[in-house]
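Heads up, the thing below is written out as structure tokens.
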Amino acid sequence: MGKDLHYSIMPFIRSALNNHSNVKEVITVDDPNFYIFKIMRKHMDSLYVIVSDDYHFGDYSRISIHPILKNGGFILIARPEAENYDDNEPTNKISIGKIGKLLGAINMNDFWNYITPPKKY
27 MGKDLHYSIM PFIRSALNNH SNVKEVITVD DPNFYIFKIM RKHMDSLYVI VSDDYHFGDY
87 SRISIHPILK NGGFILIARP EAENYDDNEP TNKISIGKIG KLLGAINMND FWNYITPPKK
147 Y
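Numbering (my numbering), first residue to last: 27 to 147.
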């Protein structure tokens, strides 16, 4: 995980979060190695989101999860071409997914249990 993303991705993510009906405020957490947000939600606990630049979110990425997520949070897989990215770890209160999953999970107190609806073709 890191900050190696196309220049258009972070403005897109910020816009999606700032325009979400259940988001009160998006706070950028200063970190030299990662993009991190603290999402202040309306009538719910806050939620930490780490933006991942991984192409493949595997075992190594799980081992090296940032300490800010010690009490749970969301790992946002920001690369559109990424693989192996949709998962929940309820025992650690961690959810992993792309922007659509994050936008749905924001609506739940137990966001780590959110399941992305199947795609309609």
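Every residue, glycine too, gets a C-beta built ideally from N, C-alpha and C. All values derive from a computational prediction rather than experimental measurement.
Ranked by Cα distance from serine 47, the options Lys29, His32, Met66 are led by Met66.
Leucine 73 is positioned such that its CB atom lies closer than 8 Å to that of phenylalanine 100. Annotation for arginine 67: no alpha helix (DSSP H) segment contains it, though the beta strand (DSSP E) segment containing it runs 61-67. The criterion of a C-beta distance shorter than 8 Å is not satisfied by isoleucine 39 and isoleucine 62. Residue environment for asparagine 139: exposed (fewer than 16 other C-beta atoms within 10 angstroms of its C-beta).
In this structure asparagine 97 does not touch lysine 127 by the C-beta definition: roughly 20 Å separates them, more than the 8 Å allowed. When DSSP states are grouped into helix, strand and coil, threonine 142 belongs to the coil group.
Residue pairing by DSSP places threonine 117 opposite no residue, since no beta bridge is assigned to it. With a 10 Å radius around the Cβ and a threshold of 16 neighbouring Cβ atoms, serine 78 comes out buried.
C-alpha of asparagine 135 to C-alpha of aspartate 71: approximately 7 Å in a straight line. Secondary structure note for phenylalanine 100: its beta strand (DSSP E) is the uninterrupted segment 99-103.
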